[in-house]
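Novice: Let me give you the structure first, and then I'll get to my questions.
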Amino acid sequence: MKNSRVFIGLGSNLGNREEHIYNALRLMHYLPTINVVGTSPIYETEPIGVEGHPDYLNMTAEIITTLQPEELLHALQSLEAELGRYSHGNLEPRTIDLDILIFGDQVVDADFLTIPHPRITERRYVLRTLLDIDANLHHPGTGLTIRHHFDTCKDTTRYTVFRK
Numbered sequence: 263m264k265n266s267r268v269f270i271g272l273g274s275n276l277g278n279r280e281e282h283i284y285n286a287l288r289l290m291h292y293l294p295t296i297n298v299v300g301t302s303p304i305y306e307t308e309p310i311g312v313e314g315h316p317d318y319l320n321m322t323a324e325i326i327t328t329l330q331p332e333e334l335l336h337a338l339q340s341l342e343a344e345l346g347r348y349s350h351g352n353l354e355p356r357t358i359d360l361d362i363l364i365f366g367d368q369v370v371d372a373d374f375l376t377i378p379h380p381r382i383t384e385r386r387y388v389l390r391t392l393l394d395i396d397a398n399l400h401h402p403g404t405g406l407t408i409r410h411h412f413d414t415c416k417d418t419t420r421y422t423v424f425r426k
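See below:
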């Protein structure tokens, strides 16, 4: 089986947000098909597109996995359920959110999964977390560097380092 380099976005804006993030990382470490090899700092980010919701904590983890994209999606959804995610509505607060941001050089466009994540280039904080891990990373869909997307991103959403 081929190893793939994958970037997973982790986010939480309910309860003990930091604990939810670290519990998700811990559970990923326990999966024999996933090796967490790097993480970005944790950023506190205002919610996008809604008012009155709690701020998010967000980070990105770099993993090496032998799973295929659909298998990884199911594994991450199982981790979300184990960690008590009950909000599945778009833009709703959640205990934990695990998103596949980039999966090697693959581009996937299925009803249930889009890789690279369709909003990477629109969210400055996501681009920042990717740059924190690999300043030379390329976006598989555009072929451009994440640095280019960060420099040209028009997103003005507030984000600050929460923990390095």
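Quick note: the sequence shown uses our numbering, first residue 263, plus one each step. Note that the Cβ used here is the ideal one computed from N, Cα and C, for glycine as well. Computed from a prediction, not measured in an experiment: that's the story for all the values here.
#1: Please go through the region 315-351 and give each complete alpha helix (DSSP H) segment of 4 or more residues, from N-terminal end onward.
#2: Flag this pair as touching only if the region 408-415 and the region 284-302 have three or more C-beta atom pairs under 8 Å; answer yes or no.
#3: How do the region 298-305 and the region 328-343 stand: do at least 3 beta-carbon pairs fall below 8 Å, yes or no?
#4: Counting along the chain, where does the beta strand (DSSP E) carrying V423 start and finish?
#5: Is N297 helix, strand or coil by DSSP?
#6: Buried or exposed for E324, please, with buried defined as at least 16 other CB atoms from any protein chain shown within 10 angstroms of its CB.
#7: Rounded to the nearest angstrom, what separates E333 and F374 at their Cα positions?
#8: V388 lies in the alpha helix (DSSP H); which residues open and close that run?
#9: Just confirm the distance between the C-beta atoms of L341 and H282, as a whole number of angstroms; I'd bet it's less than 8 Å.
#10: I need the DSSP call for D417, collapsed to helix, strand or coil.
#11: How far does the beta strand (DSSP E) with L375 in it reach, from first residue to last?
Specialist: This is what the structure gives:
#1: As far as the region 315-351 is concerned, its whole alpha helix (DSSP H) runs of at least 4 residues are 331-344.
#2: Counting C-beta pairs closer than 8 Å gives fewer than three between the region 408-415 and the region 284-302, which falls short of the contact rule.
#3: no
#4: Counting along the chain, the unbroken beta strand (DSSP E) around V423 starts and ends at 421-425.
#5: strand
#6: buried
#7: Pairing E333 with F374, the inter-Cα distance amounts to about 12 Å.
#8: 386-395
#9: Incorrect: roughly 11 Å between the Cβ atoms, too far for contact.
#10: coil
#11: From DSSP, L375 is part of no beta strand (DSSP E); its letter is neither H nor E.
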